[in-house]
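Taking it in order: structure first as structure tokens, then the write-up.
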Amino acid sequence: YRQKLINILIKRGIKILICAPKKLWIKSNFKIDADYEKNLSFASHNYWAIKEQYENSKFVLDLPWLDTIIPDLEKNFDPQFALGWNVFRSGFYGSNLITYDCEMNRNIGLNEENCNFYKSNIENLNYLGEELEHIIKSADVNKSQNKKNNLKNLFIQNHTYEKRWNYIIEKI
Numbered sequence: 558y559r560q561k562l563i564n565i566l567i568k569r570g571i572k573i574l575i576c577a578p579k580k581l582w583i584k585s586n587f588k589i590d591a592d593y594e595k596n597l598s599f600a601s602h603n604y605w606a607i608k609e610q611y612e613n614s615k616f617v618l619d620l621p622w623l624d625t626i627i628p629d630l631e632k633n634f635d636p637q638f639a640l641g642w643n644v645f646r647s648g649f650y651g652s653n654l655i656t657y658d659c660e661m662n663r664n665i666g667l668n669e670e671n672c673n674f675y676k677s678n679i680e681n682l683n684y685l686g687e688e689l690e691h692i693i694k695s696a697d698v699n700k701s702q703n704k705k706n707n708l709k710n711l712f713i714q715n716h717t718y719e720k721r722w723n724y725i726i727e728k729i
């Protein structure tokens, strides 16, 4: 679904930087129409994205769905999520995050003051693409900077490695 969504977004004129090594995407047979290649780039030097890329990007898109749906879990979790490192890297570096509006994200402190939420899920990628395009193209620069600052403050206060490990140990 990630590859299909990226193709939808680049065809809408949205420039995408994939925060992963290009070789990983090529191995997975990622293909785009040559007419839209100018709207797509990968993390430099074939590595994962670095601090400056997170800080300087206009938005960081978080797609919290697992790549493989497990039918037994699907009955209990609609849809199935993976709280990924992108949320934590985005938070720590103060990115302008776009993520799915769900309990999992709200539970770690995400709200309208520190990130942008989309409500569509991956069942209809065209509709999700429209919603993301609207969020990106209607963004207010001043509000975006405030959200970035608020997100960074949230993660510095609540989500350092030490605090996350203490949280995990308490749960065990």
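Position 29 of the sequence shown, counting from 1, maps to 586 under the numbering used here, and the rest follow consecutively.
Glycine residues also receive a C-beta, built at the ideal position from the N, C-alpha and C atoms.
Residue span of the alpha helix (DSSP H) that contains residue i, given as start and end
i    : result
N565 : Asn is not the amino acid found at residue 565; the sequence shown has Ile there. Residues 559-568.
Y724 : 718-728
Y611 : 608-613
E692 : Checking the displayed sequence, the identity of residue 692 turns out to be Ile instead of Glu. Start and end: 682-694.
E660 : 660-664
Assumed close pair residue i, residue j - CB separation to whole angstroms, cut-off 8 Å
i    : j    : result
N671 : L711 : 6 Å
G686 : R569 : 6 Å
R559 : L620 : 6 Å
L682 : K608 : Not really, about 30 Å apart at Cβ, beyond 8 Å.
Host beta strand (DSSP E) of residue i (start-end)
i    : result
L657 : A small fix is needed here, since residue 657 is Tyr in this sequence, not Leu. Residues 654-657.
DSSP bridge partner residues for residue i (one or two, in chain order)
i    : result
L711 : Answer is none; L711 lacks a bridge partner.
F599 : I575
N673 : I655
V617 : L654
Among the options, the one whose alpha carbon lies nearest that of residue i
i    : options                : result
I575 : H716, S614, N699, I692 : S614
S695 : Q560, I571, Y558       : I571
L581 : H602, N703, K595       : H602
Q714 : L682, N678, I665, N683 : I665
Y657 : I679, F649, K561, F645 : I679
Counting pairs of beta carbons, one from the region 584-592 and one from the region 693-708, are three or more of them closer than 8 Å? By the Cβ criterion, the region 584-592 is not in contact with the region 693-708, since fewer than three pairs of Cβ atoms, one from each stretch, lie closer than 8 Å.
At a cut of 8 Å, does the region 560-580 reach the region 676-694 through at least three beta carbon pairs? Yes: the two stretches touch, three or more of their Cβ pairs being nearer than 8 Å.
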